[in-house]
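Note that the UniProt record's numbering has the sequence shown beginning at 1, numbered continuously upward.
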Amino acid sequence: MKITKLTTYLVPPRWLFLKVETDEGVTGWGEPVVEGRAHTVAAAVEELSDYLIGKDPRNIEDIWTVLYRGGFYRGGAVHMSALAGIDQALWDIKGKALGVSVSDLLGGQVRDKIRVYSWIGGDRPADTARAAKEAVSRGFTAVKMNGTEELQFVDSFEKVDLALANVAAVRDAVGPNVGIGVDFHGRVHKPMAKVLMKELDPYKLMFIEEPVLSENYEALKELAPLTSTPIALGERLFSRWDFKRVLSEGYVDIIQPDASHAGGITETRKIANMAEAYDVALALHCPLGPIALAACLQLDAVCYNAFIQEQSLGIHYNESNDLLDYVKDPAVFDYDKGFVKIPNGPGLGIEINEEYVQERAVIGHRWRNPIWRHADGSFAEW
């Protein structure tokens, strides 16, 4: 079997899909994207395709190694996301060629379903209690919300009180037994993280996500002792080498690699296995499309330390298209009582509606991160 063609599709709301074709008629799909840099990642895929054309797609480990190590410069968001989508498509091809799921190829399932959580808050948290109650009424047993609006390095207790009031309202709305994740989203610098993490402890959160940006990881040495809440991060880390220090120093309880950013199925599984050796949980990051979610679920099926899965159904980014629009059988992601079953069809276990993908690719997108500023005019982390 030989790879004959790679085609990328920019589709709304902010996604990039990749189709890899072979001379035997077996095709695979991947989702290589950096949110806000989709065109750049598409260009990176095109550059990497020079090596791929004519190669046997079933030699996944060797292809991954060459695409990662074969360039003098390696790693980072764009390179690893391009590699991720290619890797997902190769696993999809191999599973389809053999008539088995990716999880079967990876050794078989340790679970047949996984808990999922629902996003309930937008960029500027408001009316989150109502959204939380609606999510619980749909069967979700866990929710995640943004913790704050923009914060200066040192900011007012008025903003702290607002953040606490939002979390308190959600806890009151859903009761004591629904998991609540609070995402600081990299908006919080160390001085204010000290205040917030301590003040949030009474609300018995499921986790605090990105209490500081990953590049400020050393701050967790001071922050971790201030809370009993599990600390989660990792969506902006892209390889096992990025995660090595995070795991070895022991201040993180949950890692959140993204299978469309962290080198695909091949690399993300290695990261997950590293974390298991440190008794660290796995909650894969995935505010993306159906191919990315399918890849995550195949990993959840085989990673013992996976405990919950992010998914984007109804998330505020998905205005023009949503998670289920591009799959022929939306029931493949059938949420039931807060869980989703692992797709067990060949490859990634989903069938992409290619005709609709092509139709929406004509529309495309140029999604960009919002740019926020503080009252003094300086840039604010979004």
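Even for Gly, the Cβ is constructed at its ideal location relative to N, Cα and C.
| query | result |
| --- | --- |
| Cβ pair count under 8 Å reaching 3, the stretch 104–124 against the stretch 288–308 | yes |
| Complete runs of the alpha helix (DSSP H) confined to the stretch 244–290 [at least 4 residues] | 264–277 |
| Cβ contact (3+ pairs, closer than 8 Å) linking the stretch 348–360 and the stretch 5–16 | yes |
| Range covered by the alpha helix (DSSP H) that runs through Trp29 | Not the alpha helix (DSSP H): Trp29 falls in the beta strand (DSSP E), residues Gly28 to Gly30. |
| Given 8 Å, three or more beta-carbon pairs between the stretch 232–244 and the stretch 193–204 | no |
| Where Ser101 sits in the DSSP three-state scheme | strand |
| Ile371 in three-state terms, based on DSSP | coil |
| Residue environment, Ile371, which counts as buried when at least 16 other CB atoms sit within 10 Å | exposed |
| Within 8 Å, strictly: CB atoms of Asp56 and Gly347 | no |
| Residue range of the alpha helix (DSSP H) that includes Ser137 | Thr128 to Ser137 |
| Met192 vs Val252 beta-carbon contact at 8 Å | no |
| Ser118 to Ser312 span [Cα, whole Å] | 8 Å |
| Backbone CA spacing between Arg373 and Ser214 [nearest angstrom] | 21 Å |
| When Gly71, Phe184 and Ile265 are compared against Gly30, the one with the closest alpha-carbon | Ile265 |
| Same chain only: Cβ atoms within 7 Å of Ser81, ignoring 5 sequence neighbours per side | Pro32, Val33, Val34, Val41, Ser260 and His261 |
| Three-state class that DSSP yields for Ser81 in the structure shown | helix |
| Status (buried if at least 16 other CB within 10 Å, exposed otherwise) for Thr27 | buried |
| For Arg115, the three-state DSSP class (helix, strand or coil) | strand |
| Same chain, Cβ closer than 8 Å to Arg14, five either side skipped, listed in chain order | Val33, Glu35, Gly36, Ala38, Tyr317, His365 and Trp367 |
| Candidates Ala173, Lys133, His189 and Leu52, of which the one nearest Glu149 by Cα | His189 |
| Leu105 vs Gly95 beta-carbon contact at 8 Å | yes |
| CB contact flag (Phe238, Gly76, <8 Å) | yes |
| 8 Å CB neighbourhood of Leu48 in its chain, flanking five on each side removed | Leu67, Ala82, Leu83 and Ile86 |
| Cβ-Cβ distance between Gln309 and Val340 below 8 Å | yes |
| Pick from Ile255, Lys270 and Thr268 that is closest to Leu282, judged by C-alpha positions | Ile255 |
| Three CB pairs or more closer than 8 Å across the stretch 133–142 and the stretch 174–184 | yes |
| Closest residue to Leu293 among Asp279, Trp241, Gly349 and Arg245 (Cα-Cα distance) | Gly349 |
| Top-ranked residue by Cα proximity to Ala275, from Val327, Trp241 and Pro290 | Trp241 |
| Cα-Cα separation, Val54 to Lys2 | In the sequence under discussion, the amino acid at residue 54 is Gly, which differs from the Val named in the question. Each residue's Cα considered, the two are about 5 Å apart. |
| Whether Val332 touches Ile352 by CB criterion (8 Å) | no |
| Alpha carbon of Val160 to alpha carbon of Leu151, nearest angstrom | 9 Å |
| Supposed close pair Leu205, Val178 - CB separation, criterion 8 Å | About 11 Å; that fails the 8 Å criterion. |
| Asn146 - partner residues in DSSP beta bridges | Asp183 |
| Short Cβ contact (8 Å threshold) for Gly345 with Leu323 | no |
| Residues bridged to Gly347 [DSSP beta-bridge criterion] | Ser101 |
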